[in-house]
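**Student:**
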Amino acid sequence: MGTVSGLSEGFNPSMFDVIVVGAGYAGAVCARRLAESCSMRVAVLERRDHIAGNAYDYIDDAGVLVHKYGPHIYHTFDERVHQFLTRFTEFTNYQHKVLANIHGTLMPVPFNHRSLVLAFGEEKGERLYQKLVKTFGENKKVPILELRSKNDPELAEVADYVYENVFLHYTMKQWGKTPDQIDPAVMGRVPVFVGDDDRYFPQAPYQGMPAQSYTALFERMLDHDLITVYTGVDARDLIDLTDKSVMVCGQPYLGEIIYTGALDELFDLDLGALPYRTLDMQFETLDQDQFQPVGTVNYTVSEDFTRITEFKNMTGQVVPGKTTIMREYSHEYVPGSGQTPYYVINEPKNIELYKRYRERVSGLLNFHVVGRLAEYRYYDMDGVVASALDLSDEILNQR
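The opening residue of the sequence shown carries number 96 in our numbering; numbering runs sequentially from there.
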């Protein structure tokens with residue numbers, strides 16, 4: 096992989112068959128596939144000073160491997176995605192577990208057998224669990240709406256407890272909503288797990304953490320003779336779109352453009368800004384081996400932050416006497432502020448606005464959008480990879 100900070104002198108877009116905007120999952124996957132499968136010369140333009148997008152990780156001053164943009168937990172059901180990624184990294188056997196801090200007691204999330212006993216006491220919790228098993232069977236995820244539909248006061252009590260203590264206040268913090276603004280349909284999907292498996296992704300056949308790091312995974316993915324990565328380059332300064340053509344550096348560009356950034360920003364928000372939620376992340380290094388028993392603890396009824404991540408619990412890294420934790424504070428994203436847009440706000444008016452932006456590039460046959468921002472949708476990592484594999488399939492088939 097050739098990496099250049101800033102555009103090199105004499106940069107000529109016509110030297111490349113493909114220009115990829117963004118060096119996160121969507122851009123890196125497309126760049127690799129088009130370079131190795133079709134011998135296409137690829138330029139990757141990355142606005143940040145590093146590759147790997149929001150999956151970027153690094154060693155902090157305490158020697159702890161941390162995720163700069165929040166915890167990234169690899170899990171997938173998609174065999175093709177897994178086979179592609181394992182070309183560039185081995186994965187550990189890490190199994191993600193989440194606890195909710197509910198009035199000072201740490202309970203497994205999703206709410207399960209152990210959670211019931213902690214919440215309701217040994218005797219009543221066990222009785223409620225046996226009723227759940229009799230009603231729904233074991234090792235099942237049951238939405239709380241189903242619990243309420245049984246017209247059983249005890250099952251309704253479980254549903255009410257989970258709604259109030261696991262979902263409601265956490266959702267209010269995460270999305271900045273009042274209770275009356277929370278969609279009842281979303282509330283009804285909150286699950287109770289009838290079983291003892293306390294993994295957060297109990298059914299995902301492929302899960303873990305990159306054995307070395309996410310950044311190392313991306314370095315290997317982009318390590319190809321036909322790929323050049325330019326960091327610290329804002330593609331919006333280079334690309335102009337008309338109804339029928341793409342201009343790069345002031346000249347018509349006939350190669351393929353793969354765009355993974357925010358689509359509204361490409362048009363200077365002229366139809367209005369697409370709304371997001373963002374996160375302030377506060378890192379703290381502590382002089383102790385371990386702060387909490389699992390990688391993530393959600394603060395569902397207390398504190399003004401949503402969760403604390405302890406990275407060593409996820410990576411398995413051994414750094415005696417030191418650990419780094421991170422608190423997350425959710426708030427509204429302000430365009431142009433330098434904040435990172437994390438979560439799309441999936442409401443009809445916002446989707447309609449996105450469609451209006453998307454329509455403006457629909458006639459450009461060599462301009463492709465892919466990824467979380469460009470598609471204005473929430474993706475886990477594997478979903479982004481799958482979308483990028485599909486797009487690169489389409490381009491390769493056209494060739």
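C-beta: ideal position from N, C-alpha, C; glycine also.
Can you give, in chain order, each stretch of the alpha helix (DSSP H) that sits fully within the stretch 314 to 361 and has at least 4 residues?
**Tutor:** Fully enclosed alpha helix (DSSP H) runs of 4 or longer: 358 to 361.
**Student:** Indicate the three-state DSSP secondary structure (helix, strand or coil) for P436 in the structure shown.
**Tutor:** Three-state DSSP puts P436 in coil, outside helix and strand.
**Student:** Between the alpha carbons of A118 and R243, how many angstroms are there, rounded?
**Tutor:** Between A118 and R243, the C-alpha separation is close to 46 Å.
**Student:** Within a Cβ cutoff of 6 Å, which residues of the same chain sit near H177, ignoring the five residues on either side of it in sequence?
**Tutor:** Contacts found: T171, Y301.
**Student:** Write down every uninterrupted run of the alpha helix (DSSP H) in the stretch 266 to 298 whose length is 4 residues or greater and which is fully enclosed by it, in chain order.
**Tutor:** Within the stretch 266 to 298, the complete alpha helix (DSSP H) runs of at least 4 residues are 279 to 283.
**Student:** Would you kindly work out how many angstroms separate the C-alpha atoms of V396 and D255, rounded to a whole number?
**Tutor:** Approximately 14 Å between the Cα atoms of the pair.
**Student:** DSSP on Q225, reduced to helix/strand/coil?
**Tutor:** Note: Q225 maps to helix in three-state DSSP.
**Student:** Whole angstroms is fine: what's the gap from L491's alpha carbon to A130's?
**Tutor:** One C-alpha to the other measures close to 10 Å.
**Student:** What did DSSP end up calling G122 once you bin it into helix, strand or coil?
**Tutor:** Three-state DSSP puts G122 in a helix.
**Student:** In angstroms, rounded to a whole number, what distance separates the CA positions of E351 and G158?
**Tutor:** Their backbone Cα atoms lie some 41 Å apart in a straight line.
**Student:** My guess is that R128 and S487 are in contact by the Cβ rule of under 8 Å, so how many angstroms apart are they, rounded?
**Tutor:** Between S487 and R128 the Cβ distance is about 4 Å, and since that is below 8 Å, they are a contact.
**Student:** Let me check understanding here. Comparing Cα to Cα, which of L211, S340, R142, R284 lies closest to D293?
**Tutor:** Closest by alpha carbon: L211.
**Student:** May I have a chain-ordered list of the beta strand (DSSP E) segments no shorter than 3 residues that lie completely inside the stretch 136 to 204?
**Tutor:** DSSP runs (the beta strand (DSSP E)) wholly in the stretch 136 to 204: 137 to 141, 152 to 154, 160 to 162, 169 to 171, 193 to 197, 200 to 204.
**Student:** Going by DSSP in three states, R402 sits in which element: helix, strand or coil?
**Tutor:** In this structure, R402 counts as strand in the three-state DSSP scheme.
**Student:** Run through DSSP, which three-state label would M409 get?
**Tutor:** Looking at M409 - three-state DSSP - the assignment turns out to be helix.
**Student:** What do you get for Y325, buried or exposed, if any count of 16 or more other CB atoms within 10 angstroms of its CB means buried?
**Tutor:** With 16 or more Cβ atoms within 10 Å of its Cβ, Y325 is classed as buried.
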